[in-house]
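Sequential numbering of the sequence shown, starting at 1, is according to the UniProt record's numbering.
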Amino acid sequence: MEDPTDEDFCRVDTNSENETRSELSSVDATGEDDEDAADSTPTPENLSAEEQKERLKWMAELLVSADAMRISSREVIGLRSMKREFREELGSKQGRMQQKSMTDFIGHKSKSTRALLKMSGATLLFAHGGGFCKQIWDPIIRRLKISPIVHQLATEFVTFDFPYHGTKRDESVAPKLHESNPTSLRVYHPAQDVLPSTTAEVQRQVQLLRENYDAKGERPALIGIGHSMGAGALWNAEVQDPGTFDGLILFEPVYGEDDPVVTDKVTSFLVGVTLQRKALWSSRQEAVQYFETLKNFKSWDRESLAAYLQGALIEDEAAGKTVLACHPHIEASLYCHKYLRFMDHELKRPKCSVRFHRGERSNMFFTPHFEHAVKLCPEIYSIGEPMKNCAHLMVLEDPESTTNEIVNDLVKTAPFRKDTPK
Numbered sequence: 001m002e003d004p005t006d007e008d009f010c011r012v013d014t015n016s017e018n019e020t021r022s023e024l025s026s027v028d029a030t031g032e033d034d035e036d037a038a039d040s041t042p043t044p045e046n047l048s049a050e051e052q053k054e055r056l057k058w059m060a061e062l063l064v065s066a067d068a069m070r071i072s073s074r075e076v077i078g079l080r081s082m083k084r085e086f087r088e089e090l091g092s093k094q095g096r097m098q099q100k101s102m103t104d105f106i107g108h109k110s111k112s113t114r115a116l117l118k119m120s121g122a123t124l125l126f127a128h129g130g131g132f133c134k135q136i137w138d139p140i141i142r143r144l145k146i147s148p149i150v151h152q153l154a155t156e157f158v159t160f161d162f163p164y165h166g167t168k169r170d171e172s173v174a175p176k177l178h179e180s181n182p183t184s185l186r187v188y189h190p191a192q193d194v195l196p197s198t199t200a201e202v203q204r205q206v207q208l209l210r211e212n213y214d215a216k217g218e219r220p221a222l223i224g225i226g227h228s229m230g231a232g233a234l235w236n237a238e239v240q241d242p243g244t245f246d247g248l249i250l251f252e253p254v255y256g257e258d259d260p261v262v263t264d265k266v267t268s269f270l271v272g273v274t275l276q277r278k279a280l281w282s283s284r285q286e287a288v289q290y291f292e293t294l295k296n297f298k299s300w301d302r303e304s305l306a307a308y309l310q311g312a313l314i315e316d317e318a319a320g321k322t323v324l325a326c327h328p329h330i331e332a333s334l335y336c337h338k339y340l341r342f343m344d345h346e347l348k349r350p351k352c353s354v355r356f357h358r359g360e361r362s363n364m365f366f367t368p369h370f371e372h373a374v375k376l377c378p379e380i381y382s383i384g385e386p387m388k389n390c391a392h393l394m395v396l397e398d399p400e401s402t403t404n405e406i407v408n409d410l411v412k413t414a415p416f417r418k419d420t421p422k
């Protein structure tokens with residue numbers, strides 16, 4: 001997608017941990033405290049029944065924290081050993097009573113802590129924008145994989161192609177070009193039914209992940225990260241089925257604008273530019289050269305452009321040519337869709353945090369509509385600072401800054417969040 005007023009663009013798509021570690025660091029693998037700590041550690045006979053109960057609760061809390069933070073196995077083993085020995089010293093009968101108390105204690109923890117106990121890690125589900133492909137996330141995922149934040153727990157990265165894009169190329173239905181108004185071209189094709197089809201694809205991906213979770217008997221946190229069309233699909237999936245995600249990080253979902261003058265102008269611009277794009281080349285090398293020298297793609301990060309071309313270009317064996325997986329006419333039809341909009345009662349439905357990001361130079365982020373969501377539900381929605389020198393295609397222009405924004409959001413989202421309530 002192109003930013004309507006930017007010639008560089010031509011496409012649219014979408015403290016307490018330290019304390020706990022300090023406590024655990026004094027416990028060795030055998031469960032015995034180090035020499036300095038041993039003198040100050042209360043023994044069972046020196047504690048009242050209530051104090052003994054509270055100490056077991058404290059140990060249980062540390063284990064919960066250790067599991068949530070993936071503290072080293074040596075430290076966890078030591079803590080569990082210490083807890084077991086302490087309980088045994090209380091005597092079998094009293095120990096059983098205290099164990100029941102500890103179980104009850106964990107069982108009545110807050111919802112967020114109980115959720116942490118079920119989450120063995122996190123899955124990041126990436127959704128691309130219109131006209132793109134799953135590979136556009138590769139430069140960002142590469143950076144995320146070397147970020148310390150994702151090393152706190154097992155993290156899975158999942159990408160997919162929306163219908164008519166990348167591996168899901170489908171030209172079985174020919175697009176229909178309407179040229180009644182040369183200055184306001186329109187293209188009609190099943191792909192333009194954007195919201196239902198993209199939301200259904202997100203729901204399908206989530207179902208596949210859930211089936212995998214059920215088979216493994218675990219439930220990682222699911223965090224959706226999307227751009228433009230993909231961001232809107234993730235958001236709509238959460239609104240339609242609250243609790244689908246544990247967090248959403250959305251880069252400029254095309255949302256809210258209801259002024260027909262504005263929407264028609266944007267649609268006409270995007271359709272007109274997209275229809276000018278070449279779609280067939282004699283070789284892949286020729287196609288790559290075309291995009292590398294195309295004026296509207298000069299603002300893209302070179303790694304991002306290469307990643308895009310990896311999935312966007314395919315070999316048409318029948319024609320013996322290199323072609324775009326998503327034909328420009330089909331892509332143009334995407335921009336003839338109805339904008340995503342929510343009523344106030346729908347905006348209140350998500351059960352997870354929803355963070356919006358926008359480009360400093362973008363004219364595709366209709367700020368008042370997002371600010372309304374934040375004002376209505378500040379506990380759900382928030383808007384990041386504009387990404388400098390970026391327009392609507394920030395994820396392709398600046399994968400470094402995009403990654404930084406994602407990391408900054410993850411540290412505030414369970415189970416990555418360090419100060420998750422217990």
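C-beta: ideal position from N, C-alpha, C; glycine also.
The structure displayed is predicted, hence computed values, not measured ones.
- Nearest to VAL273 by alpha-carbon distance, out of TYR335, PRO139, GLN135, is TYR335.
- In chain order, VAL173 place their CB closer than 7 Å to the CB of PRO190, counting only its own chain and leaving out the 5 sequence neighbours on each side.
- Around the beta-carbon of LEU208, fewer than 16 other beta-carbon atoms lie within 10 Å, marking it exposed.
- Around the Cβ of GLY243, a 10 Å sphere holds fewer than 16 other Cβ atoms; the residue is exposed.
- The residue among SER401, ALA287, LEU324, HIS128 with its C-alpha nearest the C-alpha of VAL202 is HIS128.
- In the displayed model, TRP137 falls within a helix according to three-state DSSP.
- Taking C-alpha positions only, VAL323 is separated from LYS134 by approximately 17 Å.
- In the DSSP assignment, GLU317 falls outside any alpha helix (DSSP H), carrying neither H nor E.
- The straight-line gap separating the alpha-carbon atoms of PRO196 and ASP241 is approximately 14 Å.
- Counting along the chain, the unbroken beta strand (DSSP E) around ALA122 starts and ends at 121-127.
- For HIS392, there is no enclosing beta strand (DSSP E), as DSSP marks it with neither H nor E.
- In this structure, GLY384 and ARG361 do not form a Cβ contact; the two beta carbons are roughly 15 Å apart against a cut-off of 8 Å.
- Going by DSSP, LYS176 is part of the beta strand (DSSP E) stretching over 176-178.
- Bounds of any beta strand (DSSP E) do not take in THR167, whose DSSP letter is neither H nor E.
- In the pairwise beta carbon analysis, the stretch 363-383 is classified as not touching the stretch 283-295: fewer than three pairs are separated by under 8 Å.
- Collapsing the DSSP output to three states places LYS298 in coil.
- Given a length threshold of 4 residues, each whole run of the alpha helix (DSSP H) inside the stretch 185-222 is given here in chain order: 194-216.
- For VAL354, the secondary structure class from DSSP, reduced to helix, strand or coil, is strand.
- By the Cβ neighbour-count rule, ASN408 is exposed, with fewer than 16 other Cβ atoms within 10 Å of its own.
- Three or more Cβ pairs drawn from the stretch 393-402 and the stretch 303-318 lie within less than 8 Å of each other, which places the two stretches in contact.
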